[in-house]
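Trainee: In full-length UniProt numbering, the protein residues as written are 1 to 139. Glycine included, every Cβ here is placed at the ideal spot set by N, Cα and C.
1. Just to confirm my understanding: we take residue 19, look at its own chain, exclude 5 residues before and 5 after, and list those with CB closer than 6 Å. What are they?
2. Would you list, in sequence order, the uninterrupted alpha helix (DSSP H) runs of no fewer than 4 residues that lie entirely inside the region 35-59?
3. For residue 11, which residues from the same chain have a beta carbon less than 8 Å from its beta carbon, with the 5 sequence-adjacent residues on both sides left out?
4. For the candidate residues 69, 101 and 44, whose alpha-carbon lies nearest to that of residue 89?
5. Less than 7 Å between C-beta atoms, sequence neighbours within five positions excluded: which residues of the same chain meet that for residue 103?
6. Looking at the unbroken beta strand (DSSP E) that takes in residue 28, where does it start and where does it end?
7. Going by DSSP in three states, residue 70 sits in which element: helix, strand or coil?
8. From the DSSP output, in three-state form, read off residue 2 for me.
9. According to DSSP, simplified to helix, strand and coil, what is residue 17?
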């Protein structure tokens, strides 16, 4: 797939999420979350408040239809943004860093969601297995 090649982000990219249809890409930097289509037209930019709160983006997840993006923060906050209107559709404040973020089937009940948010059964341990690699700049 060559439609998303050769794009400079300008800042260190921390997380990337490609929509299921592979026509939208979202990535986060220290300062913001950016959303582009496959022609690199910017569709949305969500500025981080990290300079005030020290929170960083931990996870990104597309809604299956590609019309909304969930953004998980180190503070435990999750924002769901409508990519077309740029409105915040939902906001959750959980107690700890977001280690995993994905969309659940609509048949899950609130009791199911309460159970999973109260249990720390899904913990991201990739940092203990994968080391950050510095890439040399080519001239």
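Mentor: Put simply:
1. As a working mapping, residue 19 is identified with position 19 in the chain shown. The answer, listed in chain order, is 62 and 66.
2. Those alpha helix (DSSP H) runs which fall completely within the region 35-59 and span 4+ residues are 50-53.
3. Counting from 1 along the chain shown, the entry for residue 11 is found at position 11. Here the set comprises 29, 30 and 31.
4. For the purposes of this step, residue 89 is taken as residue 89 along the chain shown, with counting starting at 1. Of the candidates 69, 101 and 44, the one whose C-alpha sits nearest the C-alpha of residue 89 is 69.
5. Start at 1 with the first residue of the chain shown, and residue 103 comes out as number 103. Answer for residue 103: 61, 63 and 64, listed in chain order.
6. Stepping through the chain shown from its first residue, residue 28 is reached at position 28. Membership of residue 28 in the beta strand (DSSP E) is indicated by the continuous run 24-28.
7. Taking the chain shown and counting its residues from 1, the one referred to as residue 70 is at position 70. Residue 70 falls in the strand class under three-state DSSP.
8. Here residue 2 refers to the residue found at position 2 when the chain shown is read from its first residue. Residue confidence for residue 2 is low, a pLDDT of 49 falling below 50, so the modelled location carries little weight and cannot support an answer.
9. Counting from one through the chain shown, the residue named residue 17 turns up at place 17. Residue state for residue 17 is assigned as strand, using DSSP reduced to three classes.
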